[in-house]
Amino acid sequence: MTVNEEQTTTGIALEDLLREVEALHAGGYRLVQIGCTDLDGSYELNYSFDKGYQFRNLRLTVGPETEVPSISGIYWGAFVYENEMHDSFGIPVKGINIDFKGTFIRTDEKYPFSVTRRGGDRCQNA
Amino acid sequence: MPERIIVPFGPQHPVLPEPIHLDLVLEDEKVVEAIPSIGYIHRGLERLVQKREYTEYVYVAERICGICSFIHALCYSQGVEHIMKVEVPDRARYLRTIWSECSRIHSHLLWLGLFADGMGFENLFMRSWQLRESVLDVLEDTTGGRVIQGTCKVGGVRRDIGQEKLDEMHRTLDPFEQQCRDLGDVFLNDDTVKYRLKGLGVITKDEAYDLGAAGPTARGSGVAMDHRETGYAAYGDLGFKPVVETTGDCYARCAVRVKEVYASIDLIRRAIEEMPEGPIDVKVKGTPDGEYFSRAEQPRGEVIHYLKGDGSKHLARARIRTPTLANIPPLVKMLPGIQLADVPVVVLSIDPCIGCMER
Amino acid sequence: MQTLLFLILFPILVACLLLFVKRTTVRYAVVALSALAIGGGSIYLLVRYALEGAVYFAAPSEAASLVMVAIEMGLALFIVYMGAKFRNYLAIALAAIQAALVVYLEGTFSGSLHAVNNLFIDQLSIIMALIIGIIGSLIAVYAVRYMETYHHHHPEVRDRQKMFFFVIFVFLAAMFGLVFSNNLMWLFFFWEITTISSFLLIGYSETEEATRNAFRALVMNLLGGVAFVVAIIILVATEATSGGIDLAQVLASGDTAIVLIPAVLIGFAGITKAALMPFSSWLLGAMVAPTPVSALLHSSTMVKAGVYILVRFSPVFAGTFAGFSIGLVGAVTFVVASAIAISQSNAKLVLAYSTIANLGLIAACAGVGTYMLVWAAILLIIFHAVAKALLFLGTGAIEHRIGSRDIEDMEGLIVRMPRMAVMMFIGIAGMFLAPFGMLISKWAAIEAFVQVPFGLVFIAILAYGSAVTVFFWAKWMGKLVAVTRHQEKVEKGFFEEPWAPLYIITGLVIAAVLLFPVISSILIEPYVLAIYGVTALMAQANVAIMLLMMTLLLILPVSFLLFRRSAKSLPAYMGGRTATPDLHFAGSLGLTREAQTRNYYLTEYFGEAKLFLPGAVVCTVLILASWVLAGVAL
Amino acid sequence: MGIFQMTKTVLRNLAGGPATRRYPAVPARTSSLTRGHIVFDPATCRSCSLCVKRCPCEAIRLDKEAKVWEIDRMRCIACGDCVEGCPFGSLTMEQSYHPPVTEHVVERYTITYVKPERPAKKPAEESTKEEGVGESA
Amino acid sequence: MTWTWLIGAVLFLVLAPVIGGLVAGIDRKITARMQGRVGPPLLQPFYDVGKLFEKESVVVTTAQNFYVLAYLIFIALSGALFFAGGDLLLIIFAFTLAHVFLVLGAYAVHSPYSHIGAERELIQLMAYEPMIILAAVGLYMVTNSFYVADIAVSTIPAILYLPGVFLGFVTILTIKLRKSPFDISTSHHAHQEIVKGITTEFSGSTLAQVEIAHWYENVFLLGFVFLFFSWNPVIGVIAVVVTYLAEIFVDNVTARVRWQAALKSGWFAAVLGIVNLAVLAYILGYMMTGGV
Amino acid sequence: MAFLKRSPWILHYDASSCNGCDIEVLACLTPLYDVERFGMINTGNPKHADILLITGGINTQNREVVENIYEQMPEPKVVIAVGICAATGGIFRECYNIVGGIDKVIPVDVYVPGCAARPEQIIDGVVTALSILEKKRAAMAGTAQTREEEQHTEQAGEST
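Chains as they are written, first to last, in UniProt numbering: chain W, 1 to 126; chain G, 1 to 359; chain Z, 1 to 634; chain Y, 1 to 137; chain U, 1 to 292; chain X, 1 to 160.
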């Protein structure tokens, strides 16, 4: 592989999130994505940024019901990821600029990736 | 006061081949508010990683979207390869590049056709799709599938292209490029097309960057950002310069794609010329353990496969961020103030691939 | 002559009587009975004089003239008083100037202020009398119940109904006087009465806006009045060649160059009264008045006095550049007002703009003044009066039921008020669709303009104007016929306007089309023949085709019977979104939205702000040009 | 001259005649690699069930007891993984695709492979034996 | 009065759907060829209409059928009047009436897409109305008659006097034939932002009626084109064919424009007509004074 | 009187497909396949359509959309499920948001296999659908006729 990009991942605390994001915004980074991973009993949130193919990732681990502040005040376009986060993981996100209120990705079962659900997939065709 | 026209636009709508819904609020025909609503084709295939072996998941990955299919598979494979530290043979890297560029051309021609259709230019639609068929023929001859190739796998590719076929492809590239240039001329120079596109749905460079726009949407606004520059597959060997336009309107986004078609043809030509000999795959052993944000440049922009393995045959998590999702915020910004007639044009100008976006 | 005097004096009597009637039912009876009498009188006039051509009467002159001057002075004082009360000094100044001019006239030329015949009647007068007598009195009947409801809806407005009906009937008398006068001094007197009536009725609700608009109307009309007096002074001063104040003699005067200047001045008075540009704003402001007032004064009759006088003088205008210029004022007004009407959603304003536009068209015909155009102009007067009266009254009735005069709120009226909607439909059709009146007249006008030198200018304007007209009428019509679901019927209400006037006028709109060959041959053609020696005729075949179209239109609704069976009813296409029958659908962000349809107003292109000023400037220049051209002709 | 930019293409199309492949009259264009549909040869299948394991979408089912091999055409993505994986060449990829059907039925084959009666020495037999063991287990 | 006019009218009523359908078929065939396709069979428009009559009748409101029927009848009537040699202006007004009925039908169904289609149709109506009136006036100025019967037998080559008017008329013909770039209110193929616009809610036999009305209309309009060349019937027929081919060509080489451009084009076409007529009036005036 | 067979107008809806089948449906319209040869038109409007081509499986969001579109199509109509996702859910069958094939919501008349279905396959599918369409039409005409006859006999009964 000749991919010449470096990826850094920094773990941060929930209360530092907005400050860190603000700093990256000021540093000319663009928002690449916000992703979420369901671990056992908690979620790992990845806020990914990029500047000139330098990939930086802020990592946050939160509990099931923890409210996460929206970064859509800093990155206007963050609402898509935050709505997605809410709709598939059930993470409450506070203050999204365009809040779809659970209708961004409407699924048969609410919050399919929620760690508190864990009843296995209720798929009709499995 | 009943001052405004409110129209549900989609999900079933003839100009949108895929379902997306907009609540359009109009004054006469001017859009004053347009809120998109998606989720009509959400399948939930990210979860399938837990049910499919990591090698089998390639088939799912390439069915995330039938247009960018090959590059999804490529991005996924590269991610797994990176986690598992698998070195792909050179020939496979070149073959991957050729197929990537073929699918980029086919995607762009497809998009140009749909775009022409969105402007009510039926003949141009027909012509674009007619040209696209010759790319599909090449894909079918070399991979066996028209839109879903199924040749990429973890550790390399499943099929080789024989020298004879490579020569034939090389021969047909010149006439094909000429045809594409004739087509591109219409998009770039026709008066009615220019009338429809110039100054429409403008996104400035700063806005585009700040909103996280990806691919031609960003490049049309002057953001020189193209993941092929990072040199995955064979791009590092072949060298590559992103196509950039600066006006940020629909015309610029269209021009970027037209010119990318030419650039892709050139890349294929050089890839064929410099094709190394050797095996096309390596045996992959073991299971992935680790995580990686795999990134690749799709026709629509940068795609990200975040893969996390826990050492079992199944990945623990795959998170796919597709370019269309990144381009939704710019789209929301573009819509207000345009005419109803331009709504399909503007929506199409980000080349929405809802199939990708909804996963 | 008795009929003439009856028509002038009887309404005054009724007016005085109404000053003492308080109860609505009694008032209704009085108004209905007198309407019958007035209508009957005007029909008698038709039967009696239609075939006789112009008939002149030497009505008592001395006493009447004195009374008139006295009343005129009184009115001037009244205006000064009102002007002082509301601090409108322009009105005071104009009234003073006008009074001074009248005094000057009486003092200097008292010897010449005689007409041999003070009253006369000819076919044009009969047509006007019929409009005043039938449409006018029907509107009066309608107004009784309307005003009762009006006060119910507007408790804040002081109830001055006695005054209201007094003025209405005095106005009717004045209109009759106006169209029967052969003495220009008389004509001027009645002219001023209508101005004052309009002033009083616009200001009826006594709100600040109403008062302001009333004064605007007054000031603009006084401007015309001043021009009128000046014209009379010139005529009297040049009596030897011009014919003095005897209308018939003036028109017959051999020295058209001399007559042209007063004619242009009187034409200017007509332009102000007909609210052509740049004076259109007073008519728009007048829409604050109760709807019957708008119907009576500001579309069917009073503003018609403006174009009536233009038509009267069109033989003088014919072939002169001054007349051409006045015609152009009309034509420009037609196209600009029609275009602005596109941007309006207030029904009464649309009607007002359309009225201005049509008056402009009539003025265009009258100003150019060839025999075919005069024929077309008179047709336009008739059809416009009938259809517009219906539309105004209909709008009034609808406003009382649905509480809005916005066209958007009239959506689905065909479901909510089927009878009213059909009547409005016919009224609107009368304004712009093929076999109906206005369109026939436009067609006649086009055919006529083709034969005029430089008529191409008018044709071009007419072509654009009628295209624009189609747009704003058709979209209104569309709103009416939209079949919305789940709308309660509101046709019946606590307060019932009498439907009879509406039915009758609707009947008249249709009858006017069916009978228009008769009207033309009995009234218009003889008039034109008498004045020009030639007359316009509609080709037989075309008349037949129009009747065929009308018949088709009347028969077509029968086809509804065909469609009742077997059709499956499905909701409208909503892009795959399931929607309730009243078009609510689940929109983005989890909101339920209602799909809404709204007409296009194209304000960016046809807005008042965009078009009024250029139109007014062009028209002002054209009016000044008409004066200059008249002067040059001398 | 930007008004009729498309003229060139239009004229070329008019002169060149239609590009249409008249499909039902002319057979569909395929290449040697075209993945049409899977053909199963019941005579050679030895019920190893490798195809079942490899199929990414569970289109193939095998009942070893009843010797029944099933394929659901409405699940098959024609990836060809099973063909590549089949050690006995019982599966082949045909270039022609499967025709549309009006009813959704699972195709069912009874495996007719009979273990050849041969001396038990060759490795091939070993494997079949193993399979046989697997079957019984 | 002779009976010849009746023959013209009856022939139109009977033959126009046949000719109109064939023209539509040829149109589709040529369009397909221009796009490098084979295209539908020649008789495809008839199959389509036949099919539509076989379909179930589905309505949003029964009133819509009434308006569409009225549209069909008045389109047929105006065409019949034309071929009966009637007064051009009256024919144009009947034609407008017919379209207003179509618009009302779309309003009646009260569906957002139909509504927008109806508004756009009205804008189109507003766009082409001035030019079509001017075309009639132009023919009058040349032949001294508004009657089609007189114009058709006139020996004056109208086109030589009215090139600007003809050009303007061809422009609005594009609007009338619902061809790109002006197919804004509804189009032959549905890939449009307002779905099928004005005809969105019409289906089955109602849609078939709209289609037949369109055939009538096309024949009528082509007849109008013929009037410019009627001094020589052979040239006239050729001109009609060439004009129609040009329309197909333009349809195939342009994108659809916004309504603003449609309105501006229509009105600009009328300006073209006016300029032509003004020059013509000047020449006529000059000739007259010269003659005297 | 089998005009229906000569003029099938199709409506295409993407239920939850990956686009692969969609673009192949669209490819059918383009010069190389040109289904207009058979009188097919891709109309975007359910009220004009005879054949509903659906790609992709059903999920909660689009279930009512599919039902709505189907309901808005006038009889006679047929439904073609294009691609394996539309038939059974295909490779996404086991995703949490996929309910299954189209036939879970509306009756499907023809299944076109393939992932992605090829244009030729789609053409074949439509041809298969045409005969079904024709049957439905005949049945519809038949019932209409019998209904009319019934009315006639009723009226006759009343008059006698």
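Note that the Cβ used here is the ideal one computed from N, Cα and C, for glycine as well.
Determine the DSSP secondary structure at residue i, reduced to helix, strand or coil.
i               : result
E130 of chain Y : Caution is warranted here: a pLDDT of 39 is assigned to E130 of chain Y, below 50, making its placement in the model unreliable, and the coordinate value is therefore given only provisionally. Helix at E130 of chain Y.
I362 of chain Z : helix
M93 of chain Y  : strand
C21 of chain X  : helix
S100 of chain G : helix
F3 of chain X   : helix
F293 of chain G : strand
D582 of chain Z : coil
R269 of chain G : helix
F494 of chain Z : With a pLDDT of 47 at F494 of chain Z, under the threshold of 50, the predicted position of this residue should be treated as unreliable, and no value is reported.
P262 of chain Z : helix
Looking at residue j and residue i, is the spacing between their C-beta atoms short of 7 Å?
i               : j               : result
F317 of chain Z : G369 of chain Z : yes
V65 of chain X  : P11 of chain G  : yes
R54 of chain Y  : D81 of chain Y  : yes
V288 of chain Z : A91 of chain Z  : no
P157 of chain U : W231 of chain U : yes
I304 of chain G : R321 of chain G : yes
L276 of chain Z : A214 of chain Z : no
I75 of chain U  : A98 of chain U  : yes
F89 of chain W  : S48 of chain W  : no
Any heavy atom of the ligand ZN inside 6 Å of the beta-carbon of residue i?
i               : result
Y113 of chain Y : The model depicted lacks the ligand ZN and carries no ligand whatsoever.
What do you get for residue i, buried or exposed, if any count of 16 or more other CB atoms within 10 angstroms of its CB means buried?
i               : result
Y81 of chain Z  : exposed
E117 of chain Y : exposed
E36 of chain X  : buried
K161 of chain U : Per the sequence shown, the amino acid found at residue 161 of chain U is Tyr instead of Lys. Buried, by the Cβ-count rule.
H115 of chain U : buried
E140 of chain G : buried
R46 of chain Y  : buried
W3 of chain U   : exposed
N189 of chain G : exposed
Counting contacts by CB-CB distance shorter than 7 Å, is residue i in contact with chain B?
i              : result
W99 of chain G : Within the model displayed, chain B is absent; protein chains W, G, Z, Y, U and X are what it includes.
Q.
Does the contact criterion of 3 or more C-beta pairs under 8 Å hold for the stretch 339 to 357 of chain Z versus the stretch 398 to 417 of chain Z?
A. Yes: at least three Cβ pairs fall under 8 Å.
- Segment contact flag, the stretch 83 to 94 of chain X with the stretch 55 to 65 of chain X, C-beta cutoff 8 Å, min 3 pairs: With the cut-off at 8 Å, the stretch 83 to 94 of chain X and the stretch 55 to 65 of chain X touch.
query: Quick check: the stretch 610 to 619 of chain Z against the stretch 145 to 157 of chain U, are there 3 or more CB pairs under 8 Å?
result: Judged by Cβ distances under 8 Å, the stretch 610 to 619 of chain Z makes no contact with the stretch 145 to 157 of chain U, as fewer than three pairs qualify.
Is the number of C-beta pairs between the stretch 20 to 31 of chain X and the stretch 134 to 154 of chain G that are closer than 8 Å three or more?
-> Contact between the stretch 20 to 31 of chain X and the stretch 134 to 154 of chain G is present: three or more C-beta pairs spanning the two stretches fall below 8 Å.
ask   = So does the stretch 432 to 440 of chain Z actually touch the stretch 295 to 302 of chain Z, counting three or more Cβ pairs closer than 8 Å?
value = With the cut-off at 8 Å, the stretch 432 to 440 of chain Z and the stretch 295 to 302 of chain Z do not touch.
Next on the checklist: Which runs of the alpha helix (DSSP H) at least 4 residues long sit entirely within the stretch 49 to 110 of chain G? Give them in chain order.
Outcome noted: List check, alpha helix (DSSP H) in window: 57 to 61 and 69 to 84.
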